[in-house]
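Engineer: Protein chains in written order, with the working numbering: chain W, 1187 to 1671; chain B, 298 to 798.
(1) Using 8 Å as the threshold, is the stretch 1595 to 1605 of chain W in touch with the stretch 1474 to 1487 of chain W, meaning 3 or more CB pairs across them?
(2) Give the list of continuous beta strand (DSSP E) stretches no shorter than 3 residues that lie fully inside the stretch 649 to 729 of chain B.
(3) When you check each C-beta in the stretch 1383 to 1394 of chain W against every C-beta of chain B, which residues fall closer than 8 Å?
(4) Name the chain D residues that come within less than 7 Å of residue 1424 (chain W), Cβ to Cβ?
(5) Buried or exposed for residue 1292 (chain W), please, with buried defined as at least 16 other CB atoms from any protein chain shown within 10 angstroms of its CB.
(6) Would you mind stating whether residue 1214 (chain W) and residue 1196 (chain W) have Cβ atoms separated by less than 7 Å?
(7) Are the CB atoms of residue 1630 (chain W) and residue 1405 (chain W) nearer to each other than 7 Å?
(8) Under the DSSP definition of a beta bridge, which residues are partnered with residue 305 (chain B)?
(9) Could you have a look at residue 1322 (chain W) and say whether DSSP puts it in helix, strand or coil?
(10) Tell me whether residue 1675 (chain W) sits in a helix, a strand or coil according to DSSP, three-state version.
(11) Give the residues from the stretch 1478 to 1507 of chain W that approach chain B closer than 8 Å (Cβ to any Cβ), ordered along the chain.
(12) Taking a Cβ distance cut-off of 7 Å, strictly less, list which residues of the stretch 1555 to 1587 of chain W are near chain B, in chain order.
(13) Should residue 1331 (chain W) be labelled buried (16 or more other beta-carbon atoms within 10 Å of its own) or exposed?
(14) Give the single residue among B:569, B:322 and B:547 whose Cα lies nearest to the Cα of residue 554 (chain B).
(15) Mind listing, in chain order, the continuous beta strand (DSSP E) runs of no fewer than 3 residues lying wholly within the stretch 450 to 480 of chain B?
(16) With a CB to CB cut of under 6 Å and the five nearest residues on each side skipped, what residues in its chain are close to residue 625 (chain B)?
(17) Within this structure, are the beta carbons of residue 377 (chain B) and residue 586 (chain B) separated by less than 7 Å?
(18) For the stretch 408 to 426 of chain B and the stretch 435 to 443 of chain B, state whether three or more C-beta atom pairs, one from each stretch, are separated by less than 8 Å.
(19) Which of the three DSSP states is assigned to residue 1429 (chain W) in this structure?
(20) Let me make sure I understand the geometry here. Which of W:1643, W:1470, W:1610 and W:1452 has the alpha-carbon closest to that of residue 1484 (chain W)?
(21) In the DSSP output, what is residue 424 (chain B) paired with across the bridge?
(22) Could you spell out the range, first to last residue, of the alpha helix (DSSP H) harbouring residue 1217 (chain W)?
(23) So residue 381 (chain B) packs on residue 576 (chain B), CB below 8 Å; how close in whole Å?
(24) Quick check for students: name the residue ranges of the alpha helix (DSSP H) that lie wholly in the stretch 1367 to 1401 of chain W, counting only runs of 4 or more.
(25) Here's a check: name, in chain order, each residue in its chain whose Cβ is nearer than 8 Å to the Cβ of residue 597 (chain B), leaving out the five neighbours to either side.
(26) So is residue 1605 (chain W) in contact with chain B if we call contact Cβ pairs under 7 Å?
(27) With a 10 Å radius around its C-beta and 16 neighbouring C-beta atoms as the bar for buried, classify residue 674 (chain B) as buried or exposed.
(28) Establish whether the CB of residue 636 (chain B) and some CB of chain W are separated by less than 7 Å.
(29) Going straight from the alpha carbon of residue 462 (chain B) to that of residue 426 (chain B), what length do you get?
(30) Between which two residues does the alpha helix (DSSP H) harbouring residue 1316 (chain W) extend?
(31) Whose Cβ in chain B lies nearer than 8 Å to the Cβ of residue 1290 (chain W)?
(32) Tell me the DSSP secondary structure of residue 794 (chain B) in three-state form.
(33) My output table needs one value for residue 1205 (chain W): the three-state DSSP class, helix, strand or coil.
(34) Give the DSSP bridge partners of residue 431 (chain B), in chain order.
(35) Closest to residue 1628 (chain W) by C-alpha separation, out of W:1229, W:1200 and W:1378, would be which residue?
(36) Can you round the beta-carbon distance between residue 1584 (chain W) and residue 1385 (chain W) to whole angstroms, since I take them to be within the 8 Å contact cut?
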């Protein structure tokens, strides 16, 4: 028991808390010390309410002492991306627009974490309104990749991935609209899962693109990821797109060695870095060696995914972000004239460049005369992509690809070229368009930077993804890895 | 070349926005109602706080389907919501949830009754087709105060059913008759309260004119946000005259959105077609398509009340009521049902009961206040019978007492007044006041003979016998005096004629 607490897994921490003498207060105090030592370098957290954390920890310790522990997450801290509502805590979405907003209500996942006895621990940096792949679009601060502080951590859940890789917290919530959990997980060498659309309630998740957004668990191991997923998945009457399917999604899959794995044709070619291709190929060979059936599958419309995504997601975003107008909450321009001028000026001042770019694009693709050529066409392409993925997943259990074509790039390297940045999500976007579950887990390094691979399954096949992940993880040394800081 | 107004035909279509009678808002659990402090009836969903999501209020959907059944529409298998995007401070999300492609009501028709030649004569009946009705959310209210603006979101998110007619209406009178029928249908089914003073019913009015006999529709204008039936009527009259004037002066009609100033009785231009909004409609991703089960439809079908004009025809044909009484009774379902309960308790005289209800009961209910307004030009009788002190079976008892000759019509008025005051049975009041009329033929014969023998009335007797019918009344006074007014007047009349004959 000599290992520092910040290196332990959530599962192990839960076991030690249950067994004693470890208390949640001691654990949280250790993590707060770690926070003060490390967060400045990494920039993962934007806010940590230490008093609130310790009060939650004390309450947890009282519960456990009274024999009223609430399960494996009792007393375990979970850090939360700053687009998920926690009552009394900031909800900035890393935007100037909401810099002063304190949420008056709890998201459904926050309710679930409280019900599981977890500690709601701090607010994590992100790309503004979850729009970006490097967390450079945060209006609050930069976040750096713990494996190389000159590099980006990925995004938009870059704060979540960096916090895990830096040992700042054992578990984190992210959100994923086109890869925002999986891409930073890959860049930071951690595990991130985007559930089937509808498995986790979006109530309390600040909407970017409602038909694509999902909250998901992030951790340093598949086991921890599963632990958190189990706590989050439940029906919620406050989200009409959320359905009661946790039992189906989490029913243990059979023997992972019997999984049929499909390799999409051409996915290891285009723009994929040499070391990434090598690490992913090694992962494929590992599964083959375990007895899994490996086959190539065709996804002919895969090239449509990125353009389709940037039409659908921006269209929804242009409407979802309409509510930020300075009237009821958020940034209000000091130079207000009429109410409508006030709204316009507040929005011009409150939003960052990337958010404006996407609002403009989304407004354009929905506008009269263009909606048929762009939005309606994108919906048809989306249906086609979904149909192709479902057809492929009728012949294999999971699809295996790299998570991201190349490892983390340098801070500022792609800031001037948004189109180049959009290609970061080329492998992750289809799962959002098709509503499918997908997981990224580490499989190697490119130099000192982590590389991840990506598994996509049929709707509600989370258990299969987790089983495949555990099989790989058990045979490799990537679980629980943390960057030296 | 000049032409007369009758050379032109006006074509009217209405879009009627009705606040549904529900406990909660359309997509949030916040309650709503009239007369609360500003921003009292809000919650995170209503205010569009980040992360909140709409949830369809089943009650609002069911009330909408019920309306569809009331107007005989075929209920669709599914309905869905779209976002209508526009920026305005009274719109918390800067988009409105509405139904563009899959509305909850498709088709249907509303029977209307035009005014007759007089109040006692039934006017022409017509059917106005409903194009569709969609369920959407209301917005808040913006007001300007001093140097700033104030916004109240109590109304934001209130369920609104927008009922869109086909362009079937041909006059201001038809538009007015349509709205009266619609209000009766909505209130009688419990779909909406339609209190126009509270803004629960608002109307957009599309008007165009064409040469009589022409098929092609003229260019229409839309006058928005009319909040009373009279405003709709006045707008149609104004807009018809204006368009005729324009066309006859050789100008053309501009397709435009207009407003109405009720104080000045004048319309004005709000914006023309060039300024039309691009609402960027798209399917709302937060609300899945809603399947409407046939079980739900069957359950709601049972709640559809009898159509008011079917009821009116039944009252005239089966009960033999005069049109005037029937038309007053059927406008208010509660009143009609009250009447029918009374008529069922005394089936031999529905006309008598209708008389009491439409004259005495309505008058006293209105006078007692709180029970609602009587018939006015604008508002249909909002009489509430919940607090009516007289029960239907009690009124039936009163009518039966008069029909049986136990009390006179004059006595019945006194008994009714007491019943309304105390809620007692008619018979109990008759007994307590000793009002039972004297119909004892033997006793009355004796009194009649005594009075005839009195020399004081000899002159009246002579006049009667000389052919002055009215002279007989002079003999009734003394008889009533001797019986303390209880003598059965019909019997006395018979006896007098017998003895004087």
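All C-beta atoms in this analysis are idealised placements derived from N, C-alpha and C, irrespective of residue type, glycine included. The structure displayed is predicted, hence computed values, not measured ones.
Structural biologist: By the coordinates alone:
(1) no
(2) none
(3) 1388, 1389, 1390, 1391, 1392 and 1393
(4) Among the protein chains of the structure shown, namely W and B, there is no chain D.
(5) buried
(6) no
(7) no
(8) B:508
(9) coil
(10) Because chain W here runs from 1187 to 1671, residue 1675 (chain W) falls outside it and cannot be looked at.
(11) 1501, 1502, 1504 and 1505
(12) 1561
(13) buried
(14) B:569
(15) 456 to 462
(16) 655
(17) yes
(18) no
(19) coil
(20) W:1452
(21) B:408
(22) 1210 to 1228
(23) 5 Å
(24) 1368 to 1374
(25) 359, 362, 363 and 366
(26) no
(27) Confidence at residue 674 (chain B) is low in this model, with a pLDDT of 37, below 50, so its placement is unreliable and no value can be given for it.
(28) no
(29) 6 Å
(30) It is not in any alpha helix (DSSP H) - residue 1316 (chain W) carries neither H nor E in the DSSP assignment.
(31) 341 and 346
(32) helix
(33) helix
(34) B:459
(35) W:1378
(36) With a Cβ gap of about 17 Å, residue 1584 (chain W) and residue 1385 (chain W) do not count as contacting.
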